[in-house]
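Asker:
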Amino acid sequence: MATAPLDVARASYREISLYAPNRAPARIDLSDNTNLWGVPPAAARAIREAVTGTVTRYPNLYCDTLKGAMAAYLSRPVAGGAAPSIDAPQIVTGCGSDDVLDSAIRALAEPGDLVAYPDPSFAMIPIFARMNGLRATGVPLVDGTTLDPDAMLATGARIIYLCSPNNPTGNATTREAISAVVDGAPGVVIVDEAYAEFAGWSALDLIATSERVLVTRTLSKAFGLAGLRVGYAAGSPALIAEVEKSRGPYKVNAIAEAAAIAALTEDLPWVLDHVDEAKAVRARLIDALRAIGLAPLPSDANFILVPVPDAPAIATTLRSDGIALRPFTALPTIGHALRIGVGPWTQMEEAVHAIARAL
Ligand SMILES: *Cc1c(COP(=O)(O)O)cnc(C)c1O
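Following our numbering, the numbering of the sequence shown begins with 4 at its first residue and continues without gaps.
1) Thinking C-alpha only, which one of Ala154, Ala12, Gly190 and Val218 is nearest Gly234?
2) Could you tell me the alpha carbon to alpha carbon distance between Ala132 and Phe331, rounded to whole angstroms?
3) Just how far apart, CA to CA, sit Tyr61 and Pro315?
4) Report back the beta-carbon spacing between Leu144 and Pro171 to the nearest angstrom; my notes put them in contact at under 8 Å.
5) Are the beta-carbon atoms of Ile94 and Ala263 separated by less than 8 Å?
6) Between the Cα of Leu165 and those of Ala202, Ala304 and Ala119, spot the shortest distance and give me the residue it belongs to.
7) Going straight from the alpha carbon of Arg220 to that of Lys248, what length do you get?
8) For Asp313, which residues from the same chain have a beta carbon less than 7 Å from its beta carbon, with the 5 sequence-adjacent residues on both sides left out?
9) Would you call Pro43 buried or exposed, if buried means 16 or more other Cβ atoms sit within 10 Å of its Cβ?
10) According to the Cβ coordinates, are Met134 and Asp101 closer than 8 Å?
11) Is the distance from the Cβ of Pro114 to the Cβ of Gly141 below 8 Å?
12) Taking a contact to mean a Cβ-Cβ separation below 8 Å, would you say Ser124 touches Gly344 in this structure?
13) According to DSSP, simplified to helix, strand and coil, what is Leu69?
14) Alpha helix (DSSP H) containing Ile243: first to last residue?
15) I need the DSSP call for Ile307, collapsed to helix, strand or coil.
16) At what residues does the beta strand (DSSP E) containing Arg138 begin and finish?
17) In this structure, does DSSP put Gly187 in helix, strand or coil?
18) Is the closest heavy atom of ligand 1 to the C-beta of Ala201 under 7 Å?
19) Taking a contact to mean a Cβ-Cβ separation below 8 Å, would you say Val255 touches Cys66 in this structure?
20) State the beta-bridge partners of Tyr164 as determined by DSSP.
21) In whole angstroms, give me the CA-to-CA distance for His356 and Gln350.
22) Say the cut is 7 Å; is the CB of Ser223 nearer than that to a heavy atom of ligand 1?
23) Just to confirm the assignment, what range does the beta strand (DSSP E) spanning Ile343 have?
24) Rounded to whole angstroms, what is the Cα-Cα separation between Cys98 and Arg232?
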């Protein structure tokens, strides 16, 4: 919907365009990296039960019970490392991690300050920066995929945003690179771990040694609850207190909170089994794409980025077959590529056959 500029609008909002990817329903939707195996069972039960006695009242102001469940989840032992010890005051929640990122950017910089982010990365970051009166600068990834800590630090940005595993490239950033940014940064470092469950390591333990690291997580991807909009972040209590002010009260609705608590406390075996399955399918999908002559990038997430000659044309052809993928056209170094969400193998097989026909 293109409309003429409104004279009463805030001038800095004129350059902001609405984030509106093609979300038309598709028979097989591999476009948004959600959990294609479905809803975790205890969360589904909690949603049905939450209606009675819940929706006529305001929800919990700042989600205290949910924060406890999130802290316990983040504190469980992880492969190849000590369990981080995280308490509820180190957690802030939000209406999706989008809301947590927006709140953090608003809380931790003054208007006019700079936000630096890797390019390519999560498309919402420059939008949130501008929405909050900040400037944003993208720092190209080396060879299209690898974070250069010195280039990131050279921006002098008040807020540095990192994403690991990175969307849309799929690769995790190394501990060395993230630590180098944290050690040299003049301000806050946000590490977006929307896909942490699918990766081999997490930056979460850095919050114990740096007061200025904020690690964001979500229930939208591995936990299969994107429609409920529950995100969160972990950091030092002082940092979290600032983000909480900017977030404001009542941001997570009562049904979402009930489902999120059930998912984190009862559904972990379901979630972790499907994470394992996603990783196995991911390896198989990479092989299948290679077999049709493509060179997919390695992935630590539940999606794969694969360079192709004409991404929009292929995506349009697949759409007419009922298959949705996310096309990219101007990725630094990489150029055109398709991002494919990992799901049940039958869906992958159909997508690969359709891509092979469309090439
Ligand atoms: C999907 C995604 C998010 C947003 O998730 P919500 O919690 O649903 O708002 C944040 N960051 C990245 C990198 C994502 O891909």
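Quick reminder that beta carbons are idealized off the backbone N, C-alpha and C, glycines included.
Answerer: So, from the listed chains and residues:
1) Sequence index remark: in the sequence shown, residue 234 carries index 231 (1-based). Here the closest residue by C-alpha is Val218.
2) Translated into the one-based positions of the sequence shown, residue 132 becomes position 129. Translated into the one-based positions of the sequence shown, residue 331 becomes position 328. The alpha-carbon separation between Ala132 and Phe331 amounts to approximately 22 Å.
3) Counted from its first residue, the sequence shown places residue 61 at position 58. Counted from its first residue, the sequence shown places residue 315 at position 312. When rounded, the distance between both Cα atoms is 44 Å.
4) Stepping through the sequence shown from its first residue, residue 144 is reached at position 141. Stepping through the sequence shown from its first residue, residue 171 is reached at position 168. Going by Cβ atoms, the distance from Leu144 to Pro171 rounds to 11 Å, so no, they are not a contact pair.
5) Here residue 94 refers to the residue found at position 91 of the sequence shown. Here residue 263 refers to the residue found at position 260 of the sequence shown. No, Cβ-Cβ distance for Ile94 and Ala263 is not below 8 Å.
6) In the sequence shown, residue 165 corresponds to position 162, counting from 1. Ranking the options by Cα distance to Leu165, first place goes to Ala119.
7) As a working mapping, residue 220 is identified with position 217 in the sequence shown. As a working mapping, residue 248 is identified with position 245 in the sequence shown. Going by the C-alpha atoms only, they are around 19 Å apart.
8) Locating residue 313 in the sequence shown gives position 310, where the first residue counts as 1. When the five nearest sequence neighbours on each side are left out, the beta carbons in the same chain lying within less than 7 Å of the beta carbon of Asp313 are those of His339, in order along the chain.
9) Walking along the sequence shown from the start, residue 43 turns up at place 40. So Pro43 counts as buried.
10) Along the sequence shown, one-based indexing puts residue 134 at 131. Along the sequence shown, one-based indexing puts residue 101 at 98. Taking 8 Å as the Cβ cut-off, Met134 and Asp101 do not qualify as a contacting pair.
11) In the sequence shown, the residue the question calls residue 114 occupies position 111. In the sequence shown, the residue the question calls residue 141 occupies position 138. No, the pair does not count as a contact, with Cβ atoms beyond the cut-off.
12) Position 121 of the sequence shown, counted from the start, is the residue given in the question as residue 124. Position 341 of the sequence shown, counted from the start, is the residue given in the question as residue 344. Result no, Cβ atoms of Ser124 and Gly344 do not sit closer than 8 Å.
13) Against the sequence shown, residue 69 aligns to sequence position 66. Note: Leu69 maps to helix in three-state DSSP.
14) For the purposes of this step, residue 243 is taken as residue 240 along the sequence shown, with counting starting at 1. Per DSSP, the unbroken alpha helix (DSSP H) holding Ile243 starts and ends at Pro240 to Arg250.
15) Walking along the sequence shown from the start, residue 307 turns up at place 304. Residue state, collapsed to three classes: strand.
16) Locating residue 138 in the sequence shown gives position 135, counting from the first residue. That run of the beta strand (DSSP E) goes Arg138 to Pro143.
17) The residue you call residue 187 lines up with position 184 of the sequence shown. In the structure shown, Gly187 sits in a helix (DSSP, three-state: H, G or I).
18) In the sequence shown, the residue the question calls residue 201 occupies position 198. The question names Ala, but residue 201 in the sequence shown is Phe. It does not: the Cβ of Phe201 is nowhere closer than 7 Å to a heavy atom of ligand 1.
19) As a working mapping, residue 255 is identified with position 252 in the sequence shown. As a working mapping, residue 66 is identified with position 63 in the sequence shown. Between Val255 and Cys66, the C-beta gap is smaller than 8 Å, which places the two residues in contact.
20) On the sequence shown, residue 164 is found 161 positions in, with the first residue counted as 1. In the DSSP secondary-structure assignment, Tyr164 is bridged to Ile193.
21) Sequence index remark: in the sequence shown, residue 356 carries index 353 (1-based). Sequence index remark: in the sequence shown, residue 350 carries index 347 (1-based). Their backbone Cα atoms lie some 10 Å apart in a straight line.
22) Within the sequence shown, the letter at position 220 stands for residue 223. At least one heavy atom of ligand 1 is nearer than 7 Å to the Cβ of Ser223, so yes.
23) Locating residue 343 in the sequence shown gives position 340, where the first residue counts as 1. Here the beta strand (DSSP E) through Ile343 covers Gly338 to Gly344.
24) Indexing the sequence shown from 1 puts residue 98 at position 95. Indexing the sequence shown from 1 puts residue 232 at position 229. Taking the straight line from one Cα to the other gives about 5 Å.
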